[in-house]
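In my numbering, the protein residues as written are 1 to 401. Glycine residues also receive a C-beta, built at the ideal position from the N, C-alpha and C atoms. Since the structure is predicted, the reported quantities are computational estimates derived from the model, not experimental observations.
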Ligand SMILES: Cc1cc2nc3c(=O)[nH]c(=O)nc-3n(C[C@H](O)[C@H](O)[C@H](O)COP(=O)(O)OP(=O)(O)OC[C@H]3O[C@@H](n4cnc5c(N)ncnc54)[C@H](O)[C@@H]3O)c2cc1C
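Structural data, given as structure tokens:
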């Protein structure tokens, strides 16, 4: 819809505008983000082609000159004779799509009129408008000597990993939470917090014991090491069935990423924690995808409509572009009347699709690509095996298309 109409964050009249950071994250072939990039490169990603053309040095990350990046993509699209560009706001999800195939990629700041119309067509609870996200930790990085498995008030093996703290540890932790640097909201993101979902630093600032009577309450938990109830407890809950990923219960936060690393490492069991996702609270329009999209990114109720980009429930520039590749390939195959591509779970593209289309949770929340999504079995699946599988599966897909 640019340049006729701008979202509150978009400013440039060019396409593929990076509204915040200029980094597309790690380019290392041994990181989840790097594995995803390799798959996208193999499949001919225009976004990555533009990123390498406009690359600026940034250590192991793929960072770009955002002006050159946008310009490259805008020129490629403008010069493609098969593409007709119409700069207009779409206010209704086209429904009678008998002879049309549609890809909706209106992003985390989808305009209000279209959001409203999607809700009307798809159902009241089909869209979410804010992420309130707790950090996720890699299982292997949790100190098992400083934590114990238990469910509150229950005997048996327990569903939670509990990270106990004594009085001094707790009080120091609260002090650092309050002092920590936070991310400022953009004006359009200013929200009235729900009392049931406050950032932990806001709770901490309300009084020294607020968290001990909230997400850090120790009641119903006995530490087997001391046979006593700890002074305070941080609980980790399973994020996936293979138990490779654990989220910190109730720890949505506006702390800056470096501050999250620093302050959360004061929790003894999380001293060396590897974060698969950091906590956040921000404006983000996304579908409750597991109920709405299938594994081809088609809308379940109308197979001629595909969704792509961040609105599908992934998080990040690269992940959003990855969903574009999948929707694009499958939309063109549907048009050609040939079978759609089912991206296998041992590819980065497939793990993301699996997460957004068949995630079994009722409270679906967006996700970055990370190693915990690769169905890591115990003992931990070797990174080289993950890379090998990804390469061989993607080359099979390339042969197919
Ligand atoms: C404020 C903000 C900051 C972010 N910062 C980062 C970051 O630093 N790093 C990162 O990895 N990710 C970031 N993200 C998340 C996400 O990766 C990016 O938003 C990414 O650009 C999403 O890509 P997309 O193609 O899905 O949507 P977008 O890039 O937003 O593209 C969607 C386009 O659709 C247009 N549009 C919206 N509604 C309509 C309509 N009704 N009709 C026609 N056109 C419409 C929009 O104007 C926009 O041009 C950020 C998100 C937000 C909201």
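Between residue i and the rest of its own chain, which residues show a CB-CB distance below 6 Å, the 5 nearest in sequence each way excluded?
i	result
residue 371	32
residue 68	54
residue 105	308 and 309
residue 102	94 and 305
residue 129	285
residue 169	none
residue 47	321
residue 159	151
Leaving out five residues before and five after residue i in sequence, what residues of the same chain have Cβ atoms less than 7 Å from its Cβ?
i	result
residue 15	70, 73, 74 and 77
residue 17	10 and 70
residue 51	24, 62, 64 and 69
residue 42	394 and 398
residue 347	39, 390, 393 and 394
residue 292	122, 126, 299 and 300
residue 141	272, 273 and 274
residue 313	286, 287, 289, 356, 364 and 366
Cutting at 8 Å between CB atoms, please list the residues of its own chain near residue i, excluding the five before and the five after it.
i	result
residue 400	341
residue 171	208
Would you mind stating whether residue i and residue j have Cβ atoms separated by less than 8 Å?
i	j	result
residue 1	residue 87	yes
residue 393	residue 352	no
residue 247	residue 358	no
residue 223	residue 148	yes
residue 252	residue 199	yes
Mind checking residue i: buried by the 16 CB within 10 Å criterion, or exposed?
i	result
residue 95	exposed
residue 299	buried
residue 240	buried
residue 271	exposed
residue 213	exposed
residue 163	buried
residue 89	exposed
residue 227	exposed
Is residue i helix, strand or coil by DSSP?
i	result
residue 178	helix
residue 247	strand
residue 129	strand
residue 152	coil
residue 320	helix
residue 164	strand
residue 255	strand
residue 233	strand
residue 26	strand
DSSP puts residue i in a beta bridge; with which residues?
i	result
residue 293	299
residue 56	63
residue 223	228
residue 102	305
residue 281	132
residue 394	DSSP lists no partner for residue 394.
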